[in-house]
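Numbering (the numbering used here), first residue to last: 14 to 99.
Reading through the structure tokens given below for one structure.
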Amino acid sequence: PQARAGGVEDLDISYDLVDGGNNPTRVQSLPYTVNGLTYTANQIRKVNLFLTARSRERGAGNRDFYRISAGTELSVRNLAFRDRYQ
């Protein structure tokens, strides 16, 4: 094994789904069942990513690690379009 990213403390991946009536957001895992409805991967319309990374060395001033966080939303290609007029 070989490290691909050093200092990553947290990586959150969640999904926004669509089914024509209900639109669950921030779903953590699939399949997802709520109110008797089951959602699957083909209903993903957006992927939400959130990453927190930490420095390898402690800072000189406060002797704590430096941290930075970033988040983004990705529209899944060819799945974001939904023809509502069929």
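Glycine is no exception: its CB is placed at the ideal position from the N, C-alpha and C atoms.
For the set L64, E86, G72, R76, the Cα lying nearest the Cα of V21 is the one of L64. By the Cβ rule, the stretch 52-67 counts as touching the stretch 23-31, because three or more pairs are nearer than 8 Å. The residue from A73, G74, F78, G72 with its alpha-carbon nearest to that of A66 is F78. According to the DSSP assignment, V47 belongs to the beta strand (DSSP E) that extends over 45-47. In the three-state reduction of the DSSP assignment, A54 falls in the helix class.
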